[in-house]
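A short worksheet on the structure shown next.
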Amino acid sequence: MRSRRHYLALAGSVALAGCGFTVESSTETSGSTPDGETPGEGVPTARENEGATTTAASDGRLAFSTSAFEDGGTIPTEYTGAGADRSPPLSVGSVPEAAETLALVVDDPDANGYVHWLLWNVPASVDGIAADLPQTETLPDLDGARQGTNDFGELGYRGPLPPADDGPHTYRFTMSAVSTTLDLEAGASRGALADALEGTTADTDRITGEFER
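In our numbering, each residue carries its 1-based index in the sequence shown increased by 1078.
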């Protein structure tokens, strides 16, 4: 299993920035990005998470995990586009005191930062996010948390679906602790979420999983 890394958002570096690219089908591709956009731009700077577990942090930093797969491990088929395409369950172990809400971006850096899930305004008081969330604008079970538009052109979660025989792709689940409730309408893009997060991110954490077809 890969070593776990913890990510701290720096001023001027948007924790969840980066851009997807035009969707030509429901399968991820490695096509080019629109002019002026750089995939992966604004990825948080890494800091080593020494002595922390996958479900709690002794220093009040953000820590989250999933019971669906190990960090750096293989994502089960049921959470992918090759299976039931359910969103995986997430557990939140520790949140900074300054956090009011949580935001999440799931993307594929092996496909130009292809976006699979955008979620924000999750109450920082939650201890987890249930599996199989509906593809709706808002989530009543999470106090009205909002979902954005992924690079499949749909709301909510769409699981990994890399091109066949393209080898394993890595999927990044990046969660941010946010110091406010974001004034951002449901259905927003990754770029809009990145703009809204600028200057409001207290801390970030990331887990990764792999999948291939």
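Think of the CB as a built atom: it goes at the ideal place given N, C-alpha and C, for glycine as much as any other residue.
Determine the extent of the alpha helix (DSSP H) in which residue i is found, giving its start and end residues.
i, result
"residue 1275", "1268-1275"
In the DSSP assignment, what residue or residues form a beta bridge with residue i?
i, result
"residue 1288", "1152 and 1248"
"residue 1138", "The partner list for residue 1138 (beta bridge, DSSP) is empty, contrary to what the question assumes."
"residue 1281", "1255"
"residue 1223", "1217"
"residue 1161", "Answer is none; residue 1161 lacks a bridge partner."
"residue 1143", "1169"
"residue 1233", "1227"
"residue 1206", "1169"
Check this for me: beta carbons of residue i and residue j, under 8 Å apart or not?
i, j, result
"residue 1260", "residue 1235", "no"
"residue 1169", "residue 1138", "no"
"residue 1141", "residue 1283", "yes"
"residue 1237", "residue 1290", "no"
"residue 1155", "residue 1288", "no"
"residue 1158", "residue 1233", "no"
"residue 1207", "residue 1196", "no"
"residue 1278", "residue 1183", "no"
Starting from residue i, trace the beta strand (DSSP E) in both directions and tell me its first and last residue.
i, result
"residue 1183", "1179-1186"
"residue 1201", "1192-1201"
"residue 1169", "1168-1172"
List the whole-angstrom C-beta distance separating residue i from residue j, where the pair is believed to meet the contact cut-off of C-beta under 8 Å.
i, j, result
"residue 1250", "residue 1286", "5 Å"
"residue 1248", "residue 1163", "That pair is no contact at about 19 Å."
"residue 1174", "residue 1209", "At roughly 25 Å, the Cβ-Cβ gap does not stay under 8 Å, so residue 1174 and residue 1209 are not in contact."
Inter-stretch contact (C-beta, 8 Å, three-pair minimum) for the stretch 1188-1203 and the stretch 1144-1151: Because the criterion of three Cβ pairs below 8 Å is not met, the stretch 1188-1203 and the stretch 1144-1151 do not touch.
Segment contact, 8 Å Cβ cut-off, at least three pairs: the stretch 1169-1180 with the stretch 1246-1256: Enough Cβ pairs lie closer than 8 Å, so yes.
Contact the stretch 1184-1199 vs the stretch 1224-1232: 3+ CB pairs below 8 Å: Yes: at least three Cβ pairs fall under 8 Å.
Any 3 or more C-beta pairs closer than 8 Å across the stretch 1261-1281 and the stretch 1207-1226: Using a C-beta cut-off of 8 Å, the stretch 1261-1281 makes contact with the stretch 1207-1226, since at least three inter-stretch Cβ pairs fall below that distance.
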